[in-house]
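Residue numbers (UniProt numbering), protein chains in the order written: chain A, 1 to 241; chain B, 1 to 241. For every residue, glycine included, the Cβ atom is placed at its ideal position computed from N, Cα and C. Some notes on the structure that comes next.
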C-alpha cells in the first residue's frame, strides 16, 4: 500500500484555491471522499497528514483551502486571524468556498460523489457545521474542537448530514453553554447528532503544535486526540457501510 | 466458544444477594471482570444478557444485585420504584452493597481482581458513578442513561476510575444542566472522563422493553444503543490493554 499526494488547484468565489488530495494508490474503484477543513492558519502540512491518515482508512481525502491560493498563516504571523476573520465576517462567502471545495473533491475521478463526508479542526470544525447547516452534499461531518456560533443565514430544515462533535470541556472558545446551545440547534434541525465531551481537554486538543499548559484552555491532549480520532473512524465506518 | 452462566449468591449488608455471573468457558487465565448494575427493576434477564454480551468480548461479567435476594420488580409491579427508593434514601448503604457486589466479582476464580470495571443502566448508571465517587476498586465505569444526583457523602479526591457517560439528550431525568453539573463535578474530582451525548435519545435508550414514543423522553433508540455499546467496547479495550 502506498499513499499518493497530489496538489489540487480549483476554482471558486475569490479563487483560485489550492489543496492537497491524497489516496491509497491501489484503489481501483470509487471510494468515499472526506474533506479536511483546516484551522485558523489555512491548509498546511498538518492537514495533509490528517488527510493521509484518512487515506490509510480507505478514503480519498482533500485538505482543502478556503482562504485562497498562497494565503496562509503560521503561529508566528502578524495578524494570524486575518483570513479567518474575513470569512467569519461573511459566512455566505465561507459557505460558497466550502461548496467549491466539496465540488472539487466530488469531481475527483476516484471519489464516489454520493459518499462524501467532512471533518475539520477549530475554524475547520465551524466549516463542517456550516456545510451541514447550509445543506451542502455531505452524508456526515465531524468537528474537532470547532466553534459553534451560527451563521447569519437560516439552516436547512431538516439538517440531513449526520454529525459528530468532539468537544474539549475546557475550551474557552466554547464553554458548556455554547455546547448545550449547539445541541439544541441540531435537535431543532432534526439532525442525527452526537457530542463527545472530553474532560480536561481544551481548544486545539488534536494539535501537537500547541503545547498543553502554555495558555490555559488551549493545547494538545493525547487522550482526547486518540479517542476523538477513534470515534471519527467509527463514525465514518458507520456512515459509509 | 460457549458462554457459561452461574447463579452467584453472596453476602453483604442486608443480604444475601443473588446475581448471575457469566464468562466464556474456554478462558483458562484470569480475565478482566465487569460488574453490570441493573436499573430500577433489579437484576433480571436483560442484565444477564448484557453480561453475556460482555462475556463475548472476553470479560467475566456479573449482573449484580443490590436489592437483596428475591426482591425484584417488573414494569407491571405496584410501587415499581420501592427498592430503588430505599437505596436512593441511603446512598451509604447503596455504596456498601456495591462494594459487596464488587468483592463477589473480584473474588471469583477466573477474574483478575486488579482489572475490574463497572457498567450500569438508569439507576445502575448512578451505581457506576457512586462506585467511582466512593473510590471502590474499579479501573473504569460506563453509565448508560444514568442519573447524576450526588450522594450525601464526599467524593474521594481524586476520582481514579476512568468514566464514560452515555447520555440521552432528551432524558427528562437528566436535562442538559445536570449533565453540565456532572462534567463540573468530575472535573473537580480530577477524573479522566468523557460524556457522549446522543441527540433525540431519551431515558432508557438501551432498553428494548421500553417502546419509543409511549412516554415523551423515554424509550429505546437504536442509534444511541448501538453507538454507546461500541463506545463502551472501545473504552473497555483501552482500559484493559
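Start-end ranges of the alpha helix (DSSP H) lying completely within the segment 32-77 of chain A, minimum 4 residues = 45-56
Residue 152/B vs residue 189/B beta-carbon contact at 9 Å | no
Under a Cβ-count criterion, where at least 16 other Cβ atoms within 10 Å of its own Cβ denotes burial, should residue 22/A be classed as buried or exposed?
-> buried
CA-CA distance, residue 35/B and residue 119/B?
-> 6 Å
Local Cβ density within 10 Å of residue 43/A, reported as buried at 16 or more and exposed below that = buried
Give a single yes or no on whether residue 110/A has its beta carbon closer than 8 Å to a heavy atom of the ligand MG.
-> The ligand MG is not among the ligands present in this structure, which contains no ligands whatsoever.
Proximity of residue 164/B and residue 231/B at Cβ, strictly below 9 Å = yes
If you draw a straight line from the C-alpha of residue 18/A to the C-alpha of residue 135/A, how long is it?
-> 24 Å
When you compare only the Cα positions, how much space is there between residue 4/A and residue 106/A?
-> 18 Å
Beta-carbon proximity list for residue 82/B, same chain, < 8 Å, skipping 5 on both sides = 73
Quick one: residues in its chain with C-beta nearer than 6 Å to the C-beta of residue 127/A, no 5 flanking neighbours on either side, listed in chain order?
-> 37, 98 and 120
On the three-state DSSP scale, how would you describe residue 176/A?
-> helix
Give, in chain order, every unbroken run of the beta strand (DSSP E) that is at least 3 residues long and sits entirely within the segment 123-210 of chain B.
-> 140-144, 162-168 and 193-198
So which residues on chain A does residue 193/B lean against when the C-beta distance must stay under 9 Å?
-> 169, 197, 198, 199 and 200
Could you tell me if residue 79/A is buried or exposed, where buried requires 16 or more neighbouring beta carbons within 10 angstroms of its beta carbon?
-> exposed
To the nearest angstrom, how far is it from the Cα of residue 40/B to the Cα of residue 149/A?
-> 40 Å
If you measure beta-carbon to beta-carbon, which residues of the segment 142-173 of chain B are closer than 7 Å to chain A?
-> 169
Consider the Cβ of residue 177/B: report whether some Cβ of chain A lies at a distance smaller than 9 Å.
-> yes
Closest Cα partner of residue 207/B within the set 221/B, 199/B and 183/B = 221/B
When burial is assigned at 16 or more other CB atoms within 10 Å of the CB, is residue 171/B buried or exposed?
-> buried
What's the C-alpha gap between residue 234/B and residue 114/B?
-> 19 Å
Which one or two residues does DSSP pair with residue 117/A in a beta bridge?
-> 34/A and 140/A
When the Cα of residue 176/A is compared with those of 191/A, 145/A and 239/A, which residue comes out closest?
-> 145/A
Which residues, in order along the segment 205-239 of chain A, keep a beta-carbon less than 9 Å from a beta-carbon of chain B?
-> 223, 224, 226, 227, 230, 231, 234, 235 and 238
According to the neighbour-count rule (16 or more other Cβ atoms, all chains shown, within 10 Å of its Cβ), is residue 228/A buried or exposed?
-> buried
My guess is that residue 168/A and residue 198/A are in contact by the Cβ rule of under 8 Å, so how many angstroms apart are they, rounded?
-> 6 Å
List the residues that DSSP assigns as beta-bridge partners of residue 5/A.
-> 22/A
Between the Cα of residue 64/A and the Cα atoms of 178/A, 117/A and 200/A, which residue gives the shortest distance?
-> 117/A
Step through the CB atoms of chain A and report whether any lies within less than 9 Å of the CB of residue 180/B.
-> yes
Looking at the unbroken alpha helix (DSSP H) that takes in residue 222/A, where does it start and where does it end?
-> 222-240
Mind pulling the chain A residues with CB within less than 8 Å of residue 129/B?
-> In chain order: nothing, as chain A lies at least about 14 Å away.
Residue 180/A beta carbon less than 9 Å from that of residue 180/B = yes
Buried or exposed (CB count within 10 angstroms, at least 16 for buried), residue 33/B | buried
Is it right to say residue 85/B is buried, meaning 16 or more other beta carbons lie within 10 angstroms of its own, or is it exposed?
-> exposed
Per DSSP, which one or two residues make a beta bridge with residue 83/B?
-> The partner list for residue 83/B (beta bridge, DSSP) is empty, contrary to what the question assumes.
Use the C-beta contact count for residue 213/A: other C-beta atoms within 10 angstroms, 16 or more gives buried, fewer gives exposed.
-> exposed
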